[in-house]
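In the order they appear, the protein sequences are chains W and B. Take the position in the first sequence, starting the count at 1, then add 631; the result is the number in our numbering. Take the position in the second sequence, starting the count at 1, then add 927; the result is the number in our numbering. To keep things clear, I will list the structure first and then write my remarks on it.
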Amino acid sequence: MTVSAPIEKLQAEAITIEERSPFQVVLRRFVRHRLAMISMAVMIIIFIITILAPYITTYQVDEINVNNYFVPFGTVDPDTGRVHYLGTDNIGRDYFSRLIYAGRISLTVALLSVFISEIVGVVVGAVSGFYGKWVDAVLMRFVEFMLTVPTLPLLLIISSMLLRNEDLIPIPESVLNFVGKIMLLNPRDTRNAVLIVVVLAGFGWLSAAQLMRGTVLSLREQTFVEASRSLGGTNIWIIMKHMIPNAMAPIIVDASLALAGYVVAEAALAFLGFGIQDPVPTWGNMLSATQTYMFDKPWLPLLPGIPIFICSLAFNYIGDGLRDALDPRLKL
Amino acid sequence: MTAYLIRRVLQSILVVFISAVATYVLLSFAPGGPMAGLRQIQQSGRFKITEEDIARIRASFELDLKLWVRFSRWLIGVPKGPVTIGGQEYFADVVVGCRKPIEAEILNSNGVPEIIVVGCKENVYMKDLVGRRTSKGILFGDFGLSWRILRDRPVSDLIESRLSKTLQLIGIETILSLIIGIPLGIYSAVRQYSKFDYIFTTLAFMGSAMPSFFFGLLLILLFSIIPKGAGLPYIPAGLSESVRDYTIPLIGDVVAGSVKDRTLHLILPVTVLTLINIAGWSRFIRASMLDVLRQDYVRTARAKGLREITVIMKHALRNALIPFVTIVVFTIPGLFSGAIITESIFAWPGMGRLYILALGDYDYPVAMAIFFILAVLTVIATLLRDIIYTIVDPRIRLT
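The structure is reproduced here in structure tokens:
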């Protein structure tokens, strides 16, 4: 008797699994995705560097060091003693400082675009899927229409027009000031960046809306929605309390994949000359501006290309990891 | 099925029409048309430009016509002038535009001076349109005249030579991607969790995350600039053929414009497009093969004692290709968009590069024509996808 008691206790412990909250389950699954974890770490480092931009960089973004074009890596400025870690570009601006500020601007553009497009997409998709009938018909025909139009050529037309006619879309001063503070730009230069966000998000919400609508359509038939309705839940209540939280998993995955897309899209627009314009640095326009020096100074275009690729890859891996963690059966 | 087709075709026409209207309106509000430079010259006072000169130039760009008249003439080539029915002219005195607008400078809300049109000194009437040079309308294949890139030459001249260059790129790209991508995807799925599969999925993942402009620059550096500097055989980059003869070590002399020259210039842009395309397509084939390989009919086929190759090629692959076909058809218009970026990297004289040039150079008739062609291609591809869906998979019925 005295011996069997601890054994029973041991057995009981062996078969009981520690209780975990859904969040813990997701976190455990995500942590197991090695590449996603590495990507997460890389992105955190990149974010920290760009947030600390004013303390890390030695030069101003648009500070032109006259007669010091294309100086090699690690050149020390004889007058001020500051170091050009990555040399200077074709008009004598410190390349290292510009790369870091560019990261700050490129990533802010991507994050803002994702934020806006996912919110618009979720609202439109939820309303469309939930109310059905003519609301759904009108909204979804519109989304389908937008998706049949060739995206990149239309993006180029719209951004070329907006860039030449910057006052066409009125942007509140407060928004410009707010975004300008994040990007460390003056309001005038910020307008350019905000316009690109508007253009990118203007196309980005379409897929999020379709995704959200599909999820809501399947959720609408679930018994818990019926239960909520029978208890007197209003439409708004059901959407806010049941639809959106339950549809969050695919939206979060979509958002992280979209982040990768926006980083590349912003760079591609800038590369083609219809993105954020020169005095403001972004990885894309630095790459396109120095492209012509490819033959004798190949590092100039390659250096800004590397972070674009890294961010795109990392956001893709994070999205992949999130998808596996949130819903292993989910396929996008 | 017929009813569905008719409905879809009508829908597609509507989509093309709406996107044509939208972009036409967008571009006509974009500043910096042919008149902007003229106004600067006029203000600088270096040349004497009379009101009459301006009116003439405005007329030559049709800028004196109202927006809807211009649009209609651009789209379908009417109105050409008064309508004559039974010897009687109609609508001859309808105002269709303004020859000499009265302009006034005002300060807009931001305090910036802006020139607005406040009235009209001399109207353009329908009867004035007679004898004006007009296009037959973009719907009938007449894209009008270029404003700047090839001034006063038909846009179709510009596009014709460029289109074949782009089709060359895209054609080779599509064929190579299919030939290489499908077997890769199949092999990777059949040997799931093997070392090959692991390497393949990692590379394909990287490939689909790789921005094409960066990839293009890397290839130029690795296969053109570095080997050339080191005196090794290299691949020429930039343009579709070189301007003068050159010599490549081991390959020998290359005559500019020869087949050899043009083939060499194709290699890099095609590689960029193909590798990125393969990354997407073969991942898709792999996923869809993995799906099919788990199906009961595959197990049945194996149980019957069929050879593995028959099971994979006949039972699995055929079913796995169903969704793939639609993906391929649907990415084809996207290939044109992809070509825009790749053509820009390699200065390839194709449609995509022409589009960028036209947008940057304010040559709106050219930009509009290319956009219109792309929109039509996209819509046709969407339609094709849905039709092909029913052909390859009889289980799907369209209503």
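Every residue gets a Cβ at the ideal spot worked out from N, C-alpha and C, and that includes glycine.
- Taking arginine 844 of chain W as the centre and dropping the five residues before and after it, the same chain places the C-beta of Gly756, Ser759, Gly760 closer than 6 Å to its C-beta, in chain order.
- In the displayed model, leucine 683 of chain W falls within coil according to three-state DSSP, outside both helix and strand.
- Per DSSP, the beta-bridge partners of aspartate 725 of chain W are W:Thr719.
- With contacts defined by Cβ atoms closer than 8 Å, valine 825 of chain W and leucine 807 of chain W form a contacting pair.
- Contact between alanine 889 of chain W and valine 745 of chain W holds, with the beta-carbon distance rounding to 5 Å and staying under 8 Å.
- As computed with DSSP, valine 1181 of chain B is found in a beta bridge with B:Tyr1173.
- One finds Val942, Thr1305, Val1306, Thr1309 in chain B with Cβ atoms closer than 7 Å to the Cβ of threonine 779 of chain W, taken in chain order.
- Those residues of the region 778-797 of chain W placed with their C-beta closer than 8 Å to a C-beta in chain B are Thr779, Val780, Pro781, Thr782, Leu783, Pro784, Leu785, Leu787, Ile788, Ile789, Ser791, Met792, Arg795, Asn796, ordered along the chain.
- The Cβ atoms of isoleucine 1267 of chain B and leucine 783 of chain W sit closer than 8 Å to each other.
- Of the candidates B:Asp1313, B:Val1319, B:Ile1318, the residue whose Cα lies closest to the Cα of arginine 934 of chain B is B:Asp1313.
- In terms of Cβ geometry, arginine 1213 of chain B and serine 1104 of chain B do not form a close pair [threshold 8 Å].
- In the three-state reduction of the DSSP assignment, asparagine 699 of chain W falls in the coil class, being assigned neither a helical nor a strand state.
- Under the Cβ distance rule, serine 1264 of chain B counts among the residues neighbouring chain W, one pair being separated by less than 8 Å.
- Beyond the five residues adjoining it in sequence on each side, cysteine 1047 of chain B comes within less than 6 Å, by CB distance, of Cys1025, Pro1028 in the same chain, given in chain order.
- By the C-beta density criterion, valine 1023 of chain B is buried, having at least 16 other C-beta atoms within 10 angstroms.
- Counting of Cβ neighbours within 10 angstroms places serine 728 of chain W among the buried residues, the total reaching 16 or more.
- For asparagine 947 of chain W, the nearest beta carbon of chain B is closer than 8 Å to its own beta carbon.
- Listed along chain B, no residue sits closer than 8 Å to proline 803 of chain W by beta-carbon distance, the nearest being about 13 Å off.
- Listed in chain order, the non-local C-beta contacts of valine 1252 of chain B below 6 Å within the same chain comprise Ile1315, Val1319, local neighbours out to five positions each way being set aside.
- Leaving aside the five residues that flank methionine 874 of chain W on each side, the residues in its chain whose CB is nearer than 6 Å to its CB run, in chain order, Ala757, Val847, Leu850.
- The C-beta distance from leucine 953 of chain W to isoleucine 883 of chain W rounds to 6 Å, short enough to meet the 8 Å contact threshold.
- Here the region 891-905 of chain W lies against the region 1127-1142 of chain B, with 3 or more beta-carbon pairs under 8 Å apart.
- As DSSP reads the structure, valine 1022 of chain B sits in a beta bridge with B:Tyr1052.
- Ranking B:Val936, B:Thr977, B:Leu1304 by CA distance to the CA of leucine 1090 of chain B puts B:Leu1304 first.
- Annotation note: the region 1171-1249 of chain B contains the following uninterrupted beta strand (DSSP E) runs of length 3 or greater, listed N- to C-terminal: 1173-1175, 1179-1181.
- In terms of Cβ geometry, glycine 811 of chain W and proline 801 of chain W do not form a close pair [threshold 8 Å].
- When secondary structure is reduced to three states using DSSP, glutamate 979 of chain B falls in the helix class.
- Assignment of tyrosine 1017 of chain B by DSSP, reduced to helix, strand and coil, places it in the strand class.
- Using a Cβ-Cβ cut-off of 8 Å, proline 929 of chain W counts as an interface residue toward chain B, since at least one Cβ of chain B sits closer than that to its own.
- Interface annotation for the region 1133-1153 of chain B against chain W: Met1133, Ala1136, Met1137, Pro1138, Phe1140, Phe1141, Leu1144, Ile1147, Leu1148, Ile1152, criterion Cβ-Cβ distance under 7 Å.
- Listed along chain B are Leu1144, each with a C-beta nearer than 8 Å to that of proline 932 of chain W.
- For serine 1185 of chain B, the closest Cβ of chain W is not nearer than 8 Å.
- The shortest CA-to-CA distance from serine 1169 of chain B to any of B:Val1219, B:Tyr931, B:Ala1031, B:Ala1183 is the one to B:Ala1183.
- Assignment of alanine 1031 of chain B by DSSP, reduced to helix, strand and coil, places it in the strand class.
- Remark: C-beta atoms of glycine 718 of chain W and tyrosine 726 of chain W approach each other more closely than 8 Å.
- The residues Ala1164, in chain order, have a CB closer than 6 Å to that of isoleucine 1147 of chain B in the same chain once the five nearest residues on each side in sequence are set aside.
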